[in-house]
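J.: So that we are looking at the same thing, I have put the structure below in structure tokens.
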């Protein structure tokens, strides 16, 4: 966004804070492409970026009344967009980490030899990555996916333990096979 | 604008209005204990409650609407402090007599508070290039609603005194020249 547009955005947001509804259409026209392109570069996932950009834009307008006109508008807007993108990415990641049973996904019993080989290879890779973790981390992950008994600790403690273990597993996996 | 963009724009617009309403509610929230306190000592609690509810509702509405109406809230409430506090301080005193004419000090407080409030609102309105009438109406209504419970100590005369004082207080500002 060039300097003239930044100034225009600053002016439009200041007018929105004041309650000038006439500033809404030009602010929307200016913000939507900027929000979308920022979300695209942040997430590198077309569909996800569109979703995040829409959510972020709605949030920007929801919080428009709180904007302080003495501060630069663009960083304020992009801060909200980045936050929305991070939330979406975390949500997607968490969905990936949900156990198969919870997600309602079951491997097909009639898998082809190629699929079985791929699955076996994947299992070995997971075991190798798990091998680098501490026993308590492994115990937490196995209990999380339903392969072991859940330890007798409060729910919040268990969730925190699983979160930490999955973070270490992600790191271990990334070191061996690159980013997820 | 594409249809999906039109839908998004409508969503963003709703979010903007919702955000403004939320901000207005937060900013008007400190008035609630003030209204409760007023009801606790006012001679006519129903009148105090009615004025209080109207004060809170109008403050929220003006802040939500913004622009001239939003700008009238702070001066209106500040001006309302004079007719709220003066009669309250003077209600303990008995009467003041000039020659053979006597009236309660509380009534004097109502008129004086009204004059002060009118002068304050009128001065702020006089500084405006346009929309003086709307500003005076908005700020004046808030000031009168804030001061009415205290002036109710002097009965209908107190309320009439407040109104007359306010009208008198705004006269000098009405005759002042418009700023360029």
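Protein chains in written order, with the numbering used here: chain X, 520 to 699; chain S, 48 to 227. All C-beta atoms, glycine included, are put in the ideal place defined by N, C-alpha and C. Since we're looking at a predicted model, the values are computed, not measured.
Please return the same chain residues whose Cβ sits closer than 8 Å to the Cβ of residue 562 of chain X, not counting the five positions on each side in sequence.
T.: Cβ within range, chain order: 568, 571, 604, 607, 608.
J.: Give the straight-line distance between the Cα atoms of residue 671 of chain X and residue 647 of chain X, rounded to the nearest whole angstrom.
T.: If you take the alpha carbons of residue 671 of chain X and residue 647 of chain X, they lie about 27 Å apart.
J.: Counting only Cβ pairs nearer than 9 Å, list the residues of chain X close to residue 117 of chain S.
T.: The contacting residues are 537, 538.
J.: Mind checking which residues open and close the alpha helix (DSSP H) that includes residue 569 of chain X?
T.: Its alpha helix (DSSP H) spans residues 565-581.
J.: Please classify residue 701 of chain X: does DSSP put it in a helix, a strand, or coil?
T.: Any answer about residue 701 of chain X is impossible in this case: the structure gives chain X only from 520 up to 699.
J.: Count the other CB atoms within 10 Å of the CB of residue 113 of chain S; is the residue buried (16 or more) or exposed (fewer)?
T.: Residue 113 of chain S comes out buried.
J.: Scan the region 174-221 of chain S and note each continuous beta strand (DSSP E) run of 3 residues or more that stays entirely inside, going in chain order.
T.: Runs found: none.
J.: Check residue 80 of chain S in the structure and name its three-state DSSP category.
T.: Helix.
J.: First and last residue of the alpha helix (DSSP H) that includes residue 520 of chain X?
T.: Counting along the chain, residue 520 of chain X falls outside any alpha helix (DSSP H), and DSSP gives it neither H nor E.
J.: Rounded to whole angstroms, what is the Cα-Cα separation between residue 623 of chain X and residue 614 of chain X?
T.: With a pLDDT of 49 at residue 623 of chain X, under the threshold of 50, the modelled position of this residue cannot be trusted; read the value that follows with caution. For residue 623 of chain X and residue 614 of chain X, the distance between alpha carbons rounds to 12 Å.
J.: Please confirm if residue 561 of chain X has its CB atom under 9 Å from at least one CB of chain S.
T.: Taking Cβ atoms only, chain S never reaches closer than 9 Å to residue 561 of chain X, which makes this a no.
J.: Which residues in chain S sit within 7 Å of residue 577 of chain X, going by Cβ to Cβ distance?
T.: Ordered by position in chain S, the residues that pass the 7 Å Cβ test against residue 577 of chain X are 58, 59, 62.
J.: Check this for me: beta carbons of residue 659 of chain X and residue 696 of chain X, under 9 Å apart or not?
T.: No. Outside cutoff.
J.: Verify whether the separation of the beta carbon atoms of residue 193 of chain S and residue 124 of chain S is less than 9 Å.
T.: Contact: yes.
J.: From what residue to what residue does the alpha helix (DSSP H) around residue 589 of chain X run?
T.: That residue, residue 589 of chain X, is in no alpha helix (DSSP H); it is neither H nor E in DSSP.
J.: How about the region 83-92 of chain S and the region 53-69 of chain S: do they share at least three Cβ pairs that are nearer than 8 Å?
T.: No, because fewer than three Cβ pairs between the region 83-92 of chain S and the region 53-69 of chain S fall closer than 8 Å, the two stretches do not touch.
J.: Scan the region 582-598 of chain X for residues whose Cβ lies nearer than 9 Å to a Cβ of chain A and list them as they occur along the chain.
T.: You won't find chain A in this structure, because its protein chains are X and S.
J.: Give the interface partners of residue 66 of chain S over in chain X, defined as CB-CB distance under 8 Å, in chain order.
T.: Result: 580, 581, 582, 583, 584, 585.
J.: So, residue 164 of chain S versus residue 130 of chain S, is the Cβ gap smaller than 9 Å?
T.: Yes, Cβ-Cβ distance for residue 164 of chain S and residue 130 of chain S is below 9 Å.
J.: Report the three-state DSSP secondary structure of residue 105 of chain S (helix, strand or coil).
T.: In the structure shown, residue 105 of chain S sits in a helix (DSSP, three-state: H, G or I).
J.: In three-state terms, what does DSSP make of residue 659 of chain X?
T.: Helix.
J.: Below 9 Å between beta carbons: does that hold for residue 162 of chain S and residue 215 of chain S?
T.: The answer is yes: Cβ separation under 9 Å.
J.: Please say whether residue 197 of chain S and residue 132 of chain S have beta carbons closer to each other than 9 Å?
T.: Contact: yes.
J.: Closer than 8 Å by C-beta to residue 611 of chain X: which residues in its own chain qualify, once you throw out the five before and the five after it? Chain order, please.
T.: Only 567 meet the Cβ criterion.
J.: Which residue marks the beginning of the alpha helix (DSSP H) containing residue 555 of chain X, and which one marks its end?
T.: Residues 543-562.
J.: Along the chain, where does the alpha helix (DSSP H) containing residue 653 of chain X start, and where does it finish?
T.: Residue 653 of chain X -> no alpha helix (DSSP H), and no H or E assigned at all.
J.: Check this for me: beta carbons of residue 99 of chain S and residue 110 of chain S, under 9 Å apart or not?
T.: No, the pair does not count as a contact, with Cβ atoms beyond the cut-off.
J.: Is there a C-beta anywhere in chain S that falls below 9 Å from the one on residue 573 of chain X?
T.: Closer than 9 Å: yes.
J.: Run through chain S and tell me which residues come within less than 7 Å of residue 547 of chain X, C-beta to C-beta.
T.: Simply 56, 59.
J.: Counting only beta-carbon separations shorter than 9 Å, does residue 177 of chain S have a partner in chain X?
T.: Cβ-Cβ to chain X under 9 Å: no for residue 177 of chain S.
J.: Would residue 465 of chain X and residue 58 of chain S be called neighbours here (beta carbons separated by less than 9 Å)?
T.: Nothing about residue 465 of chain X can be reported from this structure: the residues present for chain X run from 520 to 699 only.
J.: At a CB-CB cut-off below 9 Å, which residues of chain S make contact with residue 551 of chain X?
T.: What residue 551 of chain X touches in chain S: 52, 55, 56, 59.
J.: For residue 538 of chain X, which three-state DSSP category applies?
T.: Coil.
J.: What does residue 112 of chain S touch in chain X if you count any residue whose Cβ is under 7 Å from its own?
T.: Residues of chain X passing the Cβ test: 538.
J.: Nearest CA to the CA of residue 176 of chain S: which residue from S:101, S:115, S:97?
T.: It is S:115.
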